[in-house]
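Since the structure comes first, as C-alpha cells, the remarks are kept for the end.
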Amino acid sequence: MFIDFEGIDGSGKTTLSNALADRLEGRGLKVTHARAGGELRSALARRVRPLTRDAQLLEMSARAEFFLNLAREAQQIDEVVRPALARGDICITDRSLYSQIALSAGGRGLEERPLRAAAELAGQGLWPDLVLLIDVDPDLARMRKRASKIRDGIVEEESGRKGLSGHGLLVRVRTQFLRMAAAEPERFVVVRNEGRALAMVVDEIVDVVTARLSGRPTRMDAAQPPPAAPAPVRDLEQACFAAIDELARREPWVAVHLLTGIPGRAAHARRMQHAQAWPRNVAASLAELRDPPSFELRAVLAPVAPAEVAASLRSDPGEPAMVLRGLLFERAPAPVLAGLSRNASAEAWALREQALERGWLERVLPGLAGLEGERAWNARERGIRAGLHGPVARSLSGLGGERADAMREALFPVARLEVLASTRGLNTPFAQRAREELAPVAPKPVLRSLEGIGAAYADALRVQLAQLTKEALDSVEGSDADLAWSLRERYLPVWPAAAVMSLRGLALQPRAQRLISLAVSSFPGSLAVLRAAYFVVARAMQAQARPAAPEAAAGPELRLGA
0 MFIDFEGIDG SGKTTLSNAL ADRLEGRGLK VTHARAGGEL RSALARRVRP LTRDAQLLEM
60 SARAEFFLNL AREAQQIDEV VRPALARGDI CITDRSLYSQ IALSAGGRGL EERPLRAAAE
120 LAGQGLWPDL VLLIDVDPDL ARMRKRASKI RDGIVEEESG RKGLSGHGLL VRVRTQFLRM
180 AAAEPERFVV VRNEGRALAM VVDEIVDVVT ARLSGRPTRM DAAQPPPAAP APVRDLEQAC
240 FAAIDELARR EPWVAVHLLT GIPGRAAHAR RMQHAQAWPR NVAASLAELR DPPSFELRAV
300 LAPVAPAEVA ASLRSDPGEP AMVLRGLLFE RAPAPVLAGL SRNASAEAWA LREQALERGW
360 LERVLPGLAG LEGERAWNAR ERGIRAGLHG PVARSLSGLG GERADAMREA LFPVARLEVL
420 ASTRGLNTPF AQRAREELAP VAPKPVLRSL EGIGAAYADA LRVQLAQLTK EALDSVEGSD
480 ADLAWSLRER YLPVWPAAAV MSLRGLALQP RAQRLISLAV SSFPGSLAVL RAAYFVVARA
540 MQAQARPAAP EAAAGPELRL GA
C-alpha cells in the first residue's frame, strides 16, 4: 500500500507520517518511510533538492522549478517507493507528485492538465493508494514552523524560493490541495490538524489506514474551521490569553511563540511558566521587550539559550543590553555581533575588534548596518576582497548616499537579495530600480524593503501585489496614509491578521478600533487575528502609558468595543 502525506509547510506532515510509521511497525507490519525524519532516502534526490530551494536562482522559471521537483520525485519513486511496494511493504511518503502539482498549479499559476500529464510520466502511472491531506490554517502553519525551528535550535535559514513569493503562496497551495481532494474523494482523506491533541490526530490517521488495509471504505472529512469563539470579542486580553493557554495544552512551544513582543504581567507570567521546559522559545519571545522583568528573565535563560537571548535584544543599544552581550559573546558571537547595528559606541567596537582578531569578519559585517566611519568602510572593503558579498551587502542597511549606492551597484550582480534587503526604508533611484526589477520574481523581499516609503512607485507595487500576498499590508505598518487605510480595509477579508498587525505604531483612534473589531468579529476562529489584535492594542496602550513605573508595564484590562 502506497500512503502519501500532503499539506502545506508547517501542517505537521513529517511528525504525523513518522508517527504512523511507528504505529504500523509496532503492529508488526513492514513499513518503508521514503522520507523518515524529513530526509529523502534517495541520495540522488537529495542532490536535486537544493536546486529547487536556492533563492539566489531568481531566473528559474516556474516550469523549470516544476520539472526539477518532478525529477526528485521520480527518483524517489524509482529508487525507494516502487522497490518497497514490490517487497510487500507499506510505503509512506512525506510529499510526492501531488505536492508538485499543488505548488505549480495553485502556487505558481501554471495550467494543471499538462502538469498532471507530466506527473503521470514521472511516476510511470504509480500514484498513491491513499493521500492523507493534513489541513491547517496557513497562519497557524507559519507560526508552527517558526516555533519549531526555535525549539530545535535551528538557525533561521535564508528564505528559500517559495519564501520569495510571500505568505500568499502558502494560501494558494492549500486551496489547490483542497480542490484536488474534492475531485478525488476515493483517494484523499482530509485530516484537520489543529484544535486537538496530536495523539487524537494520529489515532484518526491510524483508523483511516487500518480501514483501507482491511478493505473498508473511508470517507473524506470536510476541512471545517475550528469552533468559533463568541463574537464580538469585548475583552481582548482575556480572549487572547484563553486561546493561548488552550494551545499550550497541545503545543506549548507554539503558544510561547505567540507571546513574542507582547508586554505586560500576563504575558510575562506565562513566559515564566514555560521557561524551564521551552527556554529557547521563551527567550525568543522577549524580542523588543526592554522592561526590567524581561532583562531578569534573559539573565536566567542566558546559560541555556544564549543565541536566542542575544537575538532577542535586536539592536537595543542600552546599557543592560550591552552588558548582556558582553557576557554572551563567547557562546553566541553571531547574534551578539549582529545586534550591534547602528551602534558606534566604544563598547560595541570593542566587541567587534575582539571578533576581528579571531578572524570573524563574516560575523562582524551584518552588525555594521547603519554605520559610516572609516573603520566600518574598511571592514566592508575587506569583506569584498574576501568574497563575503552577502554579508557586505547586509552591512549597508540603513545607509544612503553615493558611497553606499556605489557599493550596492557593484554587489548587485552577485548578491541581489542581500542588496535589496539593504535598501529597506531608503527612497533612492538605485533602490527603486532594484525593487522594480525584482518585484516579479521576489515580491516578498521587495515589499519588505518598502517600509516607510510613500513614493508613487512604491504604492503602485503595493496595490499590484496586495492581491497576491499579505506582505503588501506588512509594508504599510504604522502608516496613516490614505493608501495604507485603503489597503487595510479592502484586503481585511483576505489578509485579516496582516491588516490588523499593520496598525502597529498607530494610536488607537476610532478608525483603528473599528478595523480591529471588524477583524475579530469576522474571523472568530482565527488565533492569528486575535493575537494580532491584542498585540496592537497592548503595544499602543504601553506607548500611551510611558513614562511609567515598571509595574505599570502590564497596563489595565484591555477592552475594545464591538
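First residue of the sequence shown? That's 0 in numbering that gives the first Met the number 0, and the numbers climb one at a time after it. For every residue, glycine included, the Cβ atom is placed at its ideal position computed from N, Cα and C.
Give the DSSP-derived three-state secondary structure of residue i in the structure shown.
i      : result
Thr51  : helix
Thr468 : coil
Ala266 : helix
Thr259 : coil
Leu131 : strand
Val440 : coil
Thr31  : strand
Asp234 : strand
Asp206 : helix
Thr92  : strand
Pro224 : Unreliable placement is indicated for Pro224, whose pLDDT of 46 sits below 50; the coordinate value is still reported in the next sentence. The answer is coil: DSSP assigns Pro224 none of H, G, I, E or B.
Val418 : helix
Pro302 : coil
Asp315 : coil
Arg150 : helix
Arg289 : coil
Leu246 : helix
Gly9   : coil
Pro251 : helix
Return yes when the Cβ of residue j is within less than 8 Å of the Cβ of residue i, no when it is not.
i      : j      : result
Gly453 : Glu476 : no
Val528 : Val519 : yes
Ala433 : Leu449 : no
Arg270 : Leu235 : no
Leu486 : Arg461 : yes
Gly87  : Val172 : no
Pro262 : Asp290 : yes
Ala354 : Leu336 : yes
Ser98  : Lys443 : no
Gly24  : Val30  : Before going on, a small fix: residue 24 reads as Glu here, not Gly. Yes; because the gap between Cβ atoms is below 8 Å, this pair is in contact.
Residue i lies in the beta strand (DSSP E); which residues open and close that run?
i      : result
Phe187 : Phe187 to Arg191
Residue i lies in the alpha helix (DSSP H); which residues open and close that run?
i      : result
Ile3   : Looking at the sequence shown, residue 3 is not Ile but Asp. Counting along the chain, Asp3 falls outside any alpha helix (DSSP H), though it belongs to the beta strand (DSSP E) covering Phe1 to Glu5.
Ile515 : Pro509 to Ser521
Ile100 : Leu96 to Ile100
Asp88  : It is not in any alpha helix (DSSP H) - Asp88 carries neither H nor E in the DSSP assignment.
Phe328 : Premise fails: Phe328 is in no alpha helix (DSSP H) and is neither H nor E.
Leu360 : Leu360 to Val363
Phe411 : Counting along the chain, Phe411 falls outside any alpha helix (DSSP H), and DSSP gives it neither H nor E.
Trp376 : Glu373 to Arg384
Ala483 : Asp481 to Tyr490
Ala276 : Careful: Ala276 lies outside any alpha helix (DSSP H) and carries neither H nor E.
Leu23  : Lys12 to Gly25
Met500 : Pro495 to Met500
Gln541 : Leu526 to Ala544
Thr427 : No alpha helix (DSSP H) contains Thr427, which DSSP labels as neither H nor E.
Leaving aside the five residues before and after residue i along the sequence, list all residues of the same chain whose C-beta is less than 6 Å from its C-beta, in chain order.
i      : result
Leu129 : Ile2 and Arg211
Ala73  : Ala121
Leu19  : Ile204
Ile149 : Arg279, Asn280 and Ala283
Taking the alpha carbon of residue i as the reference point, which residue from the options has its own alpha carbon closest?
i      : options                           : result
Ser10  : Gln463, Glu58, Asn192 and Arg160  : Asn192
Arg423 : Ala392, Val413 and Ala405         : Ala392
Ser340 : Met321, Pro292 and Arg357         : Met321
Val299 : Val536, Val281, Leu288 and Gly338 : Val281
His32  : Ile76, Arg52 and Leu67            : Ile76
Val200 : Ala532, Pro365, Ile133 and Ala403 : Ile133
Glu5   : Glu64, Asp151, Arg48 and Arg178   : Arg178
Gln474 : Leu467, Ala483 and Gln466         : The question names Gln, but residue 474 in the sequence shown is Ser. Ser474 has its Cα closest to that of Ala483, out of Leu467, Ala483 and Gln466.
Arg160 : Phe240, Trp348 and Leu416         : Leu416
Gly369 : Pro439, Pro495 and Leu398         : Leu398
Gly27  : Gly386, Leu69, Gly37 and Ile89    : Ile89
Asn342 : Lys29, Gln463, Ser396 and Gly36   : Ser396
Val440 : Thr174, Glu58 and Val47           : Glu58
Ala196 : Glu24, Ala506 and Leu15           : Leu15
Ala537 : Pro278, Leu517, Ala506 and Gly124 : Ala506
Val135 : Ala83, Val189, Ala116 and Gly108  : Val189
Leu109 : Val303, Ala63, Asp481 and Ala266  : Ala63
Ser103 : Phe176, Asp151 and Leu50          : Phe176
Which same chain residues, not among the five before or five after residue i, have their C-beta less than 7 Å away from its C-beta?
i      : result
Pro305 : Leu327, Arg330 and Ala331
Asp8   : Ala140, Lys144 and Leu169
Ser284 : Val255, His256, Leu258, Thr259 and Arg270
Ala497 : Lys469, Leu472 and Asp473
Leu425 : Gly399
For residue i, I'd like the list of residues in its chain whose CB is within less than 8 Å of its CB, leaving aside the five on either flank, ordered along the chain.
i      : result
Arg313 : Ala286, Glu287 and Gly338
Asp43  : The identity of residue 43 in the sequence shown is Leu, whereas the question assumes Asp. Contacts found: Gln74 and Glu78.
Val562 : The chain is shown only over 0 to 561; residue 562 falls outside these bounds and no answer can be derived.
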